[in-house]
Every structure is written in C-alpha cells, then in structure tokens.
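There are 2 protein chains.
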Amino acid sequence: MRIGAIEAGGTKFVCGIGNEEGIIEDRIHFPTEQPESTMANVINYFKDKGALSIGIGTFGPIDIDRTSPTYGYVTTTPKPGWAGFDFIGTLRKSFDVPFGWDTDVNAAALGEAAWGAAKGLDSCVYYTIGTGIGVGIYADGKLVHGLVHPEGGHILTRRHPDDGFEGLCPYHGDCLEGMAAGPALEARWKVKGSELPENHPAWAMEAFYIAQAVTNIILTVSPKKVILGGGVMKQKQLFPMIREEVRRNLNGYVNNGAILSRMDSYIVPPALGDNAGLSGGLALGLEALRRS
Amino acid sequence: MRIGAIEAGGTKFVCGIGNEEGIIEDRIHFPTEQPESTMANVINYFKDKGALSIGIGTFGPIDIDRTSPTYGYVTTTPKPGWAGFDFIGTLRKSFDVPFGWDTDVNAAALGEAAWGAAKGLDSCVYYTIGTGIGVGIYADGKLVHGLVHPEGGHILTRRHPDDGFEGLCPYHGDCLEGMAAGPALEARWKVKGSELPENHPAWAMEAFYIAQAVTNIILTVSPKKVILGGGVMKQKQLFPMIREEVRRNLNGYVNNGAILSRMDSYIVPPALGDNAGLSGGLALGLEALRRS
C-alpha cells in the first residue's frame with residue numbers, strides 16, 4: 093500500500109511515501125516559500141508515486157471543519173501568501189485521492205499512537221515545544237477537534253516566583269508559549285537555549301512552566317501517555333525535572349499507577365525521532381483511506 | 093422505550109425512568125447512605141419498571157476502564173463505605189440489562205448534548221461549580237476518557253492579585269477547586285455565597301478563577317459550547333463577568349465567530365435545569381442500549 097504524507101512546516105516542507113506499517117519508503121524536503129511554488133514542488137513529487145491517499149499535517153491555524161466551505165484551507169497565519177490558501181483544493185486538482193488533514197501536532201500525536209511512543213494506546217497527548225508551543229490530543233482513538241483545533245500552547249500558567257520576564261506572546265504576553273517557547277528562553281537569558289549549560293537555572297524554570305501544562309492536561313483529558321517533542325525538548329535533562337515537578341503538582345491526587353509509580357515511561361520523548369512529522373502525515377493518509 | 097437513569101450524588105440519589113426523547117416519566121430520590129441500604133432502594137425502585145438499560149452518572153472517582161477488573165467500581169472516595177464498592181456488579185445481580193457508567197459531570201455533558209444546551213452539537217464541556225468543581229468533556233461525539241476520567245476541577249490557576257486566601261484543596265491548596273468552589277467562597281468571605289449581594293467583589297474574583305478554567309479549556313479542547321452548572325452558578329450575575337474575562341484572556345486569539353461575537357450563546361447555563369443529572373443518566377443508559 094502506498095500512502096502519501098506531507099509535513100508542512102513553517103520553514104520546511106517534507107513529502108514522503110510510506111506504507112500501512114508506518115515505514116517511510118521515500119522522502120524529500122524543500123523550503124516553505126509562497127504557496128504557488130511550494131505546492132508545485134509537492135505536486136511534482138507525488139505525480140508519479142501512485143499514492144492511494146495523502147495525509148497532511150500542517151502549520152496553522154487551519155480549517156478542519158468538514159462542513160465548512162473553507163475546509164482544507166490555511167486560515168489566519170501571518171506567513172506571507174498562506175492566509176486563506178486552499179491547501180487541499182490545490183492538491184485535489186492533481187490527485188483524485190482521499191486527503192487527511194490536520195495540524196502538525198495532531199498528526200504527530202496520531203503518528204506516535206500508530207507506531208511510536210503511544211503505540212497500542214487509545215489516548216496520548218503530544219506537545220511540541222520549539223519556536224512555538226503546540227499540542228495535539230488523541231483521546232479514545234480519535235484526534236480531538238471542536239470549534240477549531242487545540243491551541244493549548246497559549247494556556248495561562250502561573251508565573252515562576254523568580255521570573256520577571258514579561259513574556260513574548262503578541263496576544264497574551266505571559267501565556268505558556270510567551271514564557272516557555274524557544275524564543276522566550278532566548279529573550280529571557282540573552283543566549284540561545286542550545287548554548288545554555290545543562291545545569292543552568294533556565295532549565296528548572298523551563299521545567300516549571302512545561303510541568304504546569306502537563307499537569308493541567310493530565311487533569312483535563314487524562315492521557316495514557318504524554319509525549320514532549322520539539323527543539324527545546326532536545327535538552328534531555330528537562331525530562332526528569334518535568335516529571336518531578338508534575339509529581340509535586342499532582343501530589344498524589346490522580347490515583348493511577350502510570351502516574352504514581354511509572355512516571356519515567358509516562359512522560360516521554362517522541363519515539364519516531366526525525367520521522368515523527370512525516371509519520372503523522374502518513375497516519376492521517378491511512379486514516380483518510382480507511383474512511384473513504 | 094423505557095430507559096433507567098441514576099444520578100448518584102454525594103448526598104442524594106435520584107432514580108428515574110425516561111425515554112429515547114429525553115422525557116423523564118417517573119422519578120424518585122432518597123439520601124445517599126451506606127451502599128447496602130442505598131442500593132436496596134435503587135433495586136427496589138427499578139425492580140418492576142421494565143427498564144431496557146440503566147445509565148449511571150455518579151460521584152467519583154470511579155473506574156471507567158472497560159478492560160479493568162474493577163470496571164464499574166467507585167474507587168478512592170472518602171465517603172464511608174463507598175471506596176472500592178462494586179456499583180454495577182451489585183445492580184447486575186438484579187438486572188440483566190446493559191449498563192451505562194460515567195461520572196456525574198460526564199453524564200451531564202452527554203445529557204446537555206443530547207437534549208439540552210448543546211443539542212445538535214458534537215462537542216461541549218460541562219463544568220459543575222458547587223461543593224467541588226468537576227468537568228465533563230464531550231468531543232467529536234464521545235465523552236473523553238483516558239487513564240481515568242477528567243479531574244479538571246483541580247487545574248492550577250493564577251492567583252487573583254487581590255486574593256490572599258490560601259485555598260482549601262487538601263491536595264493542592266490553591267488549585268481551581270481550592271480557590272473557587274462553594275466552600276472556598278464561604279471560607280474566604282466568612283459568609284455563604286448565597287448570602288453575598290450580587291455586587292459584592294467576591295463575584296468578580298470568582299469570575300476571574302472560573303474564566304481561567306474556561307479560557308484554558310477553550311484553548312485545549314475547543315468545545316462548541318461551554319456549559320456552567322452547579323450551585324455557585326445559580327448566581328446568574330457571574331455569566332456576563334465570566335464571558336468578559338474569557339474574552340479578555342483570549343484577546344482575539346481564537347478566531348471563531350462563536351467566541352468573538354456570540355459569547356452570550358457560547359458560555360451558558362445548563363438547559364435541562366433540575367433534570368440535568370438524571371437526563372445525563374438517561375443519555376448514558378440509551379448509549380449503553382445502542383452499544384449492546
């Protein structure tokens with residue numbers, strides 16, 4: 093079975109072909125430019141690949157409401173040329189196949205549930221903590237949508253008592269993304285996160301913010317696995333700090349073995365590594381094929 | 093069609109018979125005592141009612157994992173006699189019918205989606221703000237479960253700048269429930285909430301806390317309707333204050349008409365009034381029958 097997958101990122105597009113076992117057989121990447129030239133590259137890649145369906149995990153915000161006239165569009169992004177762009181419609185002119193369509197983080201959650209850190213589980217939450225913060229929620233075997241897709245990177249969090257940083261979010265100032273995304277780290281400490289030593293106090297503060305988000309998502313949707321990815325989470329020293337902080341926050345309230353005694357295998361990095369994004373697209377493509 | 097419904101509350105049990113249109117045809121209530129005497133009353137009520145299924149919305153925490161040997165049990169409640177009680181197993185000895193089983197707040201969310209404020213929608217969130225704070229989440233046509241059920245009353249919220257109250261939660265001190273449930277209101281202002289005048293500053297502070305929970309749930313699961321019930325929400329003056337605070341918190345970030353311009357019909361009281369709990373049980377019973 094040949095399934096097409098697209099990981100549409102803010103700076104880079106990755107396209108690939110994979111199968112129903114999650115194996116990526118072929119891949120290509122190119123920079124994200126204006127939609128016309130970018131989509132020409134996408135169409136050129138898939139044109140002789142024989143994909144039975146194509147799954148797209150993309151930067152957003154996007155319209156995911158199947159009943160909406162603008163389903164399959166990118167909506168209000170500040171990225172030049174992409175606001176109001178008909179992503180699926182453009183591809184449909186060249187490929188008469190079912191399309192899967194969701195945010196990059198929802199796709200990553202689905203991919204990790206299919207073949208990665210949450211394999212075999214019917215629920216997980218995927219956070220990406222990098223240039224921005226996003227969250228994908230997979231619950232009872234389905235990605236969670238509602239009015240729009242989750243925007244959990246912008247939840248309101250408590251300020252760390254030693255943190256005088258005002259926050260970088262243009263909408264909310266000191267929301268989670270404003271305080272804990274990569275650019276906030278850099279603005280607060282005046283040096284790139286990747287250049288801060290492992291034992292720098294920046295990481296305890298970072299863990300404090302991320303742990304609040306994780307605590308609240310555990311209390312809200314009770315995922316069976318919490319997966320933390322993205323550039324900031326390449327700092328592996330964060331994992332034990334976040335686990336400890338979450339344990340302290342919950343204080344024994346959620347009486348479940350996975351949380352109380354197996355935290356090391358509960359809050360984890362993505363298992364699909366550099367293929368996480370593309371695998372998410374693949375999982376969406378497979379889902380679209382099954383639904384068709 | 094005759095469907096049985098149970099609203100199992102901490103102080104009161106309500107049992108009833110209803111139909112597939114959500115009409116409650118008969119009801120009875122009695123105090124919550126030890127499980128033996130309480131369940132004897134339940135069994136006595138249903139024994140000649142000819143219910144095709146029975147749905148139970150109950151106080152918790154409860155085991156909702158169908159694969160668990162203790163599915164259908166109340167788990168760790170401090171309520172005397174009820175910790176580890178096999179609720180469904182006890183009823184099954186008398187009634188060979190399918191059982192629906194969920195938390196009281198999940199049941200209320202389902203009932204409101206079937207016949208109430210979220211009728212016709214495939215997602216909503218139901219908060220009860222009373223003696224405690226609980227949340228039920230209905231997303232993409234299903235109640236959300238995971239490791240356990242949502243415990244969103246205990247999320248960490250920011251402290252109001254004028255609030256020196258330490259919080260009442262035995263686990264978390266100043267979590268949402270610790271700061272904004274009825275007992276917290278009473279402990280902070282030294283008078284029952286119901287005796288505070290409408291224009292008392294207590295309500296602005298209360299709205300501040302509830303609005304944070306609503307803001308975060310909008311960003312996290314993006315419900316199509318937010319329903320606020322429970323004793324504290326009988327204070328109708330809270331609704332406009334909460335809507336305004338949520339609008340301020342989101343600051344235009346979630347670009348959707350329901351939120352930006354129709355907030356009055358987005359954050360609403362339950363439509364089922366005093367029947368909300370029993371209707372939830374009825375909806376669970378109906379779901380159990382359809383699944384069987």
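Chains as they are written, first to last, in the numbering used here: chain A, 93 to 384; chain B, 93 to 384.
Cβ coordinates follow ideal geometry from the N, Cα and C atoms, glycine included.
The structure displayed is predicted, hence computed values, not measured ones.
Query raised in the report: If we count the other Cβ atoms within 10 Å of its Cβ and call it buried at 16 or more, is ASP118 (chain B) buried or exposed?
Result: ASP118 (chain B) should be labelled exposed.
Requested in this report: Would you list the one or two residues that DSSP bridges to ALA97 (chain B)?
Outcome: Listed as beta-bridge partners of ALA97 (chain B) by DSSP are B:GLY108 and B:GLY147.
Requested in this report: Mind listing the chain A neighbours of GLY208 (chain B)? Cutoff is C-beta to C-beta under 8 Å, in chain order.
Outcome: By Cβ distance, chain A contributes nothing, its closest Cβ being about 17 Å from GLY208 (chain B), past 8 Å.
Query raised in the report: Any idea if PRO172 (chain B) is buried or exposed, counting beta-carbon neighbours within 10 angstroms, 16 or more meaning buried?
Result: It is exposed - the Cβ of PRO172 (chain B) has fewer than 16 other Cβ atoms within 10 Å.
Query raised in the report: Based on Cα-Cα distance, which residue from A:PRO253, A:ALA380 and A:GLY208 lies nearest to SER371 (chain A)?
Result: Of the listed residues, the one whose Cα sits closest to SER371 (chain A) is A:GLY208.
Requested in this report: Would you grab the beta carbon distance between GLY228 (chain B) and ALA201 (chain B) for me? Rounded to a whole angstrom, and I think it's under 8 Å.
Outcome: Indeed, because the Cβ distance is near 3 Å, the residues count as touching under 8 Å.
Query raised in the report: Residues in its own chain within less than 7 Å of VAL306 (chain A) by CB, not counting five upstream and five downstream?
Result: Here the set comprises VAL318, ILE334, VAL338 and ILE359.
Requested in this report: State the CB to CB distance for the pair GLY377 (chain B) and GLY96 (chain B), rounded to an integer number of angstroms; the pair is presumed to be in contact (CB under 8 Å).
Outcome: Between GLY96 (chain B) and GLY377 (chain B) the Cβ distance is about 6 Å, and since that is below 8 Å, they are a contact.
Requested in this report: Report the rounded CA-to-CA distance for LEU144 (chain B) versus LEU320 (chain B), giving the unit in angstroms.
Outcome: Those two C-alpha atoms are separated by around 31 Å.
Query raised in the report: If you compare alpha carbons, which of B:MET131, B:PRO170 and B:SER286 is closest to GLY222 (chain B)?
Result: When only C-alpha atoms are compared, the closest one is B:SER286.
Query - Integer-rounded CB distance, given that GLY203 (chain B) should sit under 8 Å from ALA375 (chain B) - result: Going by Cβ atoms, the distance from ALA375 (chain B) to GLY203 (chain B) rounds to 5 Å, so yes, they are a contact pair.
Report task. Determine the burial state of VAL283 (chain B): buried for a count of at least 16 other Cβ atoms within 10 Å of its Cβ, exposed for fewer. Result -> Answer is exposed; the Cβ neighbour count stays below 16.
Query - Proximity test, Cβ basis, 9 Å: LYS316 (chain B) and chain A - result: Under the Cβ criterion of 9 Å, LYS316 (chain B) is counted among the residues facing chain A.
Report task. For TRP174 (chain A), name the three-state secondary structure that DSSP assigns. Result -> Under the three-state reduction of DSSP, TRP174 (chain A) is assigned to coil, being neither helix nor strand.
Query raised in the report: chain B partners of GLY344 (chain A), CB-CB under 9 Å?
Result: TYR263, listed in chain order.
Query raised in the report: Expressed to the nearest angstrom, what Euclidean distance is found between the alpha-carbon atoms of LYS139 (chain A) and LEU213 (chain B)?
Result: Going from the Cα of LYS139 (chain A) to the Cα of LEU213 (chain B) covers about 39 Å.
Report task. Would you mind reading off the limits of the alpha helix (DSSP H) that contains ASP196 (chain B)? Result -> Element bounds for ASP196 (chain B): 196 to 207.
Report task. Please state whether DSSP places ILE247 (chain B) in a helix, a strand or coil. Result -> In the structure shown, ILE247 (chain B) adopts coil according to DSSP, grouped into three states.
Query - Closer than 9 Å to chain B by CB, ASP232 (chain A) - result: For ASP232 (chain A), the nearest beta carbon of chain B is closer than 9 Å to its own beta carbon.
Query raised in the report: Mind checking LEU352 (chain A): buried by the 16 CB within 10 Å criterion, or exposed?
Result: Burial call: exposed.
Query raised in the report: Nearest to TRP174 (chain B) by alpha carbon, out of B:PHE191, B:THR159 and B:ASP155?
Result: Answer by Cα proximity: B:ASP155.
Requested in this report: Tell me where the alpha helix (DSSP H) around ARG339 (chain B) begins and ends.
Outcome: In the DSSP assignment, ARG339 (chain B) falls within the alpha helix (DSSP H) that extends over 330 to 342.
Report task. Return the residues of the segment 234 to 250 of chain B that lie within a Cβ-Cβ distance of less than 9 Å from chain A, sorted by chain order. Result -> Across the segment 234 to 250 of chain B, CB contacts with chain A closer than 9 Å involve LYS234, LEU235, VAL236, HIS237, GLY238, LEU239, VAL240, HIS241, PRO242, GLU243, GLY244, GLY245, HIS246, ILE247, LEU248, THR249 and ARG250, in sequence order along the chain.
Query raised in the report: Which chain A residues sit within Cβ distance under 8 Å of VAL313 (chain B)?
Result: Result: ILE229, VAL236, GLY238, PRO242, THR312 and VAL313.
Requested in this report: Starting from the beta carbon of ASN308 (chain A), find every residue of chain B whose beta carbon is closer than 7 Å, and list them in chain order.
Outcome: Per Cβ cutoff of 7 Å: ILE247, LEU248 and ASN308.
Query raised in the report: Do you know how far the Cα of VAL134 (chain A) is from the Cα of MET325 (chain B)?
Result: One C-alpha to the other measures close to 52 Å.
**Report entry** Proximal residues of chain A, C-beta to C-beta of ASN403 (chain B) below 8 Å
**Finding:** The question about residue 403 (chain B) has no answer, for chain B in this structure spans 93 to 384.
Query raised in the report: What in chain A is Cβ-close to PRO161 (chain B), meaning under 9 Å?
Result: Within 9 Å Cβ-Cβ: nothing; PRO161 (chain B) doesn't reach chain A, min ~14 Å.
**Report entry** When A:ILE302, A:THR159 and A:TYR163 are compared against GLY152 (chain A), the one with the closest alpha-carbon
**Finding:** Considering only alpha carbons, the answer is A:TYR163.
Requested in this report: With PHE300 (chain B) as the anchor, note down where its alpha helix (DSSP H) starts and where it stops.
Outcome: Run containing PHE300 (chain B): 293 to 313, per the alpha helix (DSSP H) assignment.
Query raised in the report: Could you give the distance in angstroms between the alpha-carbon of LYS323 (chain A) and the alpha-carbon of ILE146 (chain A)?
Result: First, the residue type needs correcting, since residue 323 (chain A) is Gly and not Lys in the sequence shown. Cα to Cα, GLY323 (chain A) sits roughly 26 Å from ILE146 (chain A).
Query raised in the report: Between PHE331 (chain B) and LEU268 (chain B), what straight-line distance do the alpha-carbon atoms span, to the nearest angstrom?
Result: For PHE331 (chain B) and LEU268 (chain B), the distance between alpha carbons rounds to 17 Å.
Requested in this report: Could you pull the start and end residues of the beta strand (DSSP E) that PRO117 (chain A) belongs to?
Outcome: At residue 117 (chain A) the sequence reads Glu, which differs from the Pro that was named. Going by DSSP, GLU117 (chain A) is part of the beta strand (DSSP E) stretching over 116 to 123.
Query - Where THR167 (chain A) sits in the DSSP three-state scheme - result: Assignment of THR167 (chain A) by DSSP, reduced to helix, strand and coil, places it in the coil class.
Report task. With 9 Å as the threshold, decide whether the Cβ of THR223 (chain B) is near any Cβ in chain A. Result -> Taking Cβ atoms only, chain A never reaches closer than 9 Å to THR223 (chain B), which makes this a no.
Query - Whole-Å CB distance - THR167 (chain B) paired with GLY176 (chain B), under 8 Å assumed - result: About 7 Å separates the beta carbon of THR167 (chain B) from that of GLY176 (chain B), a gap short enough to meet the 8 Å contact definition.
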